[in-house]
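Student:
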Amino acid sequence: MKKMHLDIINFLFDKNRELINNKETILNLLLENYENLINSLKEYKLSKPPRINIFKLIDIEELERKNSTILYELLKININNSNVQFNFINSFLKYIFKENIINNTNESFEIEKEYSPKGTQKSIDLYIHNRNFSVIIENKINSGDNGDNQLLNYIKYVKDEISHNNIYVIYLTRDGYLPSENSLPTKERIKLKNKFINISHRNIAEWLKYIIYEDENCNFIHMKEYDNFKSAIVQIIEEEEYLSSSSEEDTFMQDKLKELLQSNEAYNNISTPEEAQEYIDLIESTIEILRHKKTDNMQDYIDYIKKVSDILREDKKYKFEIEDSDTIKDNLFNKNFSHTIYKGSDQIEGLYIILVLKYNHISVGFDTGGIKKRELGNIIEKIKNYKIKWLNRNDNEGIWYDIDINNESTEDTASKMKELYEALKNIK
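Everything in the sequence shown is counted per my numbering, starting at -6 for the first residue and increasing by one.
Following this line, the structure appears as structure tokens:
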């Protein structure tokens, strides 16, 4: 009996030692070939025509509100003249739901952006509807799942103001993941059956590629007078592929990694889901180390912000939300920016004052990205009337001042945040 127990212990030890050795082999394989992989990607890029993502150039490629606006402007297009008839909402719904909606209605659809049903101030990103059908589209890029029964409440509020039961939900994310239990519980999602679908931004790109290259009803897009329109769609495809990591470059790198791993005996010896998870854990641990490497050169900025935060905390008059250093680093890694110090308006939903950190760049100012479009012009005018002279840069997300941490003291920056705080209280 003792010998049998000893044999089992030895077997488990040998198996574990083998697994550790295999994990080291795979990690070494990836690290040793890192430079070759990067060089292969560079060579691949050089072999292809140059690619430009306009949205990335103007720094809005990961802004949910802007992405929703792009989709809204595209979906609302209905071309109906003597030569061309094409409705983008119909095409989209038919592609996503495979006939379920379009074949059961003869009515045209309307689309609204940032739609607030009766009974709530919360806004549905995109809302497509006619008298017989309603489609809720929730778009997520970096914000994560809001919880608090978000989707369930949207369905309830919409149901309260319509006279039919045909409510569909599209949950759009980078990778096509499902909403959390706190947003739409599984039992409620199951009740929706084929009226709920989770899609990725890659699916948007695939739909648009289908329109350009396969849909016979859209051959008009290759006519010269539609060159501008076609180029816009091509750019939207580029953007949606970027958001879902499904561009040609991403696919090329994935194929190279697969080829490299499949040439390795340790990789091919993975035989169970549990063993595969061991390797996933290893790679994720490696990523965690690399993410800290990515933010190492930001430490001066993070230290600067900490000093500003300490100054603001000393004065109990000001009630700012302040992120800790780990949260800032996580946000930089996952979203390329962090709202490090902020305060929301008590009077105007969606208006904030923020100290925002991007890579090698700090700005303070009014963030207007959450304000509904119909109210935006009026709010911006109120901000300008307050006449904070040092605010000198406008963009799609607000009104800003850029901080030079080498020439501006933390005391000066804290004073600017206090001035913004006082202004926020008086802008109504």
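Ideal Cβ positions, reconstructed from N, Cα and C, are used throughout, including at glycine. Remember, it's a predicted structure, so these values are computed and weren't measured experimentally.
With DSSP as the reference, label Phe213 as helix, strand or coil.
Tutor: On the sequence shown, position 220 is the one that residue 213 refers to. Helix.
Student: Starting from Asp388, follow its DSSP beta bridges and name the residues at the other end.
Tutor: Position 395 of the sequence shown, counting from 1, holds the residue named residue 388. In the DSSP output, where bridge partners are listed per residue, Asp388 has Gly391.
Student: Excluding the five sequence neighbours on either side, which residues of its own chain have a C-beta within less than 7 Å of the C-beta of Ser402, listed in chain order?
Tutor: Taking the sequence shown and counting its residues from 1, the one referred to as residue 402 is at position 409. Contacts found: none.
Student: Going by DSSP, what residue range makes up the beta strand (DSSP E) through Ile163?
Tutor: In the sequence shown, the residue the question calls residue 163 occupies position 170. Here the beta strand (DSSP E) through Ile163 covers Ile160 to Thr166.
Student: Rounded to a whole number of angstroms, what is the C-alpha to C-alpha distance between Asn212 and Val77?
Tutor: One-based indexing of the sequence shown puts residue 212 at position 219. One-based indexing of the sequence shown puts residue 77 at position 84. Approximately 9 Å between the Cα atoms of the pair.
Student: To the nearest angstrom, how far is it from the Cα of Ile163 to the Cα of Arg306?
Tutor: Translated into positions along the sequence shown, residue 163 becomes position 170. Translated into positions along the sequence shown, residue 306 becomes position 313. Their backbone Cα atoms lie some 42 Å apart in a straight line.
Student: Provide the residue(s) that pair with Val349 in DSSP beta bridges, ordered along the chain.
Tutor: Along the sequence shown, read from residue 1 onward, the residue named residue 349 stands at position 356. Note: Val349 sits in a beta bridge opposite His332 and Ser356.
Student: Using 8 Å as the threshold, is the region 197 to 215 in touch with the region 67 to 82, meaning 3 or more CB pairs across them?
Tutor: Because the criterion of three Cβ pairs below 8 Å is met, the region 197 to 215 and the region 67 to 82 touch.
Student: In terms of residue numbering, what span does the beta strand (DSSP E) encompassing Asp118 cover?
Tutor: For this step, residue 118 is matched to residue 125 along the sequence shown. First-last of the beta strand (DSSP E) with Asp118: Ile117 to His122.
Student: Sorted by chain position, which residues of the same chain lie with C-beta nearer than 8 Å to Ile392's C-beta, five sequence neighbours on each side aside?
Tutor: Position 399 of the sequence shown holds residue 392. Here the set comprises Gly358, Phe359, Thr361, Ile373, Ile376, Lys377, Leu384 and Arg386.
Student: Just to confirm the assignment, what range does the alpha helix (DSSP H) spanning Phe48 have?
Tutor: As a first step, residue 48 must be located in the sequence shown, where it is residue number 55. Per DSSP, Phe48 belongs to the alpha helix (DSSP H) from Ile47 to Leu50.
Student: Quick one: what does DSSP say Lys133 is sitting in, helix, strand or coil?
Tutor: For this step, residue 133 is matched to residue 140 along the sequence shown. Reduced to three states, the DSSP call for Lys133 is coil.
Student: Just mark Ser61 as buried or exposed, buried being the case when its beta carbon has 16 or more other beta carbons within 10 Å.
Tutor: Translated into positions along the sequence shown, residue 61 becomes position 68. That one is buried.
Student: Rounded C-beta distance between Leu144 and Asn132? I'm assuming under 8 Å.
Tutor: Against the sequence shown, residue 144 aligns to sequence position 151. Against the sequence shown, residue 132 aligns to sequence position 139. Leu144 to Asn132, Cβ: 12 Å. No contact.
Student: Going by the CB atoms, is the gap between Phe313 and Tyr379 shorter than 9 Å?
Tutor: For this step, residue 379 is matched to residue 386 along the sequence shown. For this step, residue 313 is matched to residue 320 along the sequence shown. No, Cβ-Cβ distance for Tyr379 and Phe313 is not below 9 Å.
Student: Quick check on the DSSP output: the alpha helix (DSSP H) that includes Asn146 runs from which residue to which?
Tutor: Translated into the one-based positions of the sequence shown, residue 146 becomes position 153. Start and end: Gln143 to Asp153.
Student: Buried or exposed: which applies to Thr320, given that a residue is buried once 16 or more other Cβ atoms fall within 10 Å of its Cβ?
Tutor: In the sequence shown, counting from the first residue as 1, residue 320 sits at position 327. Exposed is the call here.
Student: When you compare the CB positions of Glu233 and Ile197, do they come within less than 9 Å of one another, or not?
Tutor: Mapped onto the sequence shown, residue 233 falls at position 240. Mapped onto the sequence shown, residue 197 falls at position 204. In this structure, Ile197 lies closer than 9 Å to Glu233 by Cβ.
Student: Return the Cβ separation of Ile315 and Ile355 in integer angstroms, given the expectation that the two are a contact with Cβ distance under 8 Å.
Tutor: For the purposes of this step, residue 315 is taken as residue 322 along the sequence shown, with counting starting at 1. For the purposes of this step, residue 355 is taken as residue 362 along the sequence shown, with counting starting at 1. Actually they are not in contact, since the Cβ atoms of Ile315 and Ile355 sit about 14 Å apart, beyond 8 Å.
Student: Alpha carbon to alpha carbon, what distance is there between Leu350 and Glu390?
Tutor: Your numbering for residue 390 matches position 397 in the sequence shown. Your numbering for residue 350 matches position 357 in the sequence shown. Roughly 14 Å separates the two Cα atoms.
Student: Can you check whether the CB of Ile214 is closer than 9 Å to the CB of Glu181?
Tutor: One-based indexing of the sequence shown puts residue 181 at position 188. One-based indexing of the sequence shown puts residue 214 at position 221. No; because the gap between Cβ atoms is not below 9 Å, this pair is not in contact.
Student: Would you give the residue range spanned by the alpha helix (DSSP H) that Phe85 belongs to?
Tutor: For the purposes of this step, residue 85 is identified with residue 92 of the sequence shown, where counting begins at 1. Phe81 to Phe90 is the span of the alpha helix (DSSP H), which, as asked, contains Phe85.
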